[in-house]
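Trainee:
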Amino acid sequence: MSYEDANWNGKLLETYDCGIDYFKISPCRWTLRQNHIASSLLNYSDSEILSICSTSPTAEAPDFVENLKR
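Start counting the sequence shown at 90; every next residue gets the next number (our numbering).
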């Protein structure tokens, strides 16, 4: 499942069943476009990644870029 999957449009993804106190995380996949975007970000410097991916670059935690690269 991908957020770009037309079958998922407008649907809420349920991850918790309160009746049995159970979290269920469905598998997902990236589209080729998403994979290309993520791969291309690795070609940027840390400061460029911070400015591209954050809405508040000066307020991010010191490990923001490191976490994105994982």
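All residues carry an ideal CB built from backbone N, CA and C; glycine is no exception.
(1) Alpha carbon to alpha carbon, how far is Ile114 from Glu103?
(2) Along the alpha helix (DSSP H) that carries Asp135, what are the first and last residues, could you check?
(3) Is Ile141 closer than 9 Å to Tyr133 when the C-beta atoms are compared?
(4) Mind checking which residues open and close the alpha helix (DSSP H) that includes Lys158?
(5) I believe Val154 touches Leu139 by the beta-carbon criterion, under 8 Å. Please report the beta-carbon distance rounded to the nearest angstrom.
Mentor: Put simply:
(1) For this step, residue 114 is matched to residue 25 along the sequence shown. For this step, residue 103 is matched to residue 14 along the sequence shown. Going by the C-alpha atoms only, they are around 8 Å apart.
(2) Taking the first residue of the sequence shown as 1, we reach residue 135 at position 46. Run containing Asp135: Asp135 to Cys142, per the alpha helix (DSSP H) assignment.
(3) Here residue 133 refers to the residue found at position 44 when the sequence shown is read from its first residue. Here residue 141 refers to the residue found at position 52 when the sequence shown is read from its first residue. A contact, by the Cβ cut-off of 9 Å.
(4) To locate residue 158, count along the sequence shown from 1; it is residue 69. From DSSP, the alpha helix (DSSP H) with Lys158 extends over Phe153 to Lys158.
(5) Stepping through the sequence shown from its first residue, residue 154 is reached at position 65. Stepping through the sequence shown from its first residue, residue 139 is reached at position 50. Sure, about 6 Å apart at Cβ, within 8 Å.
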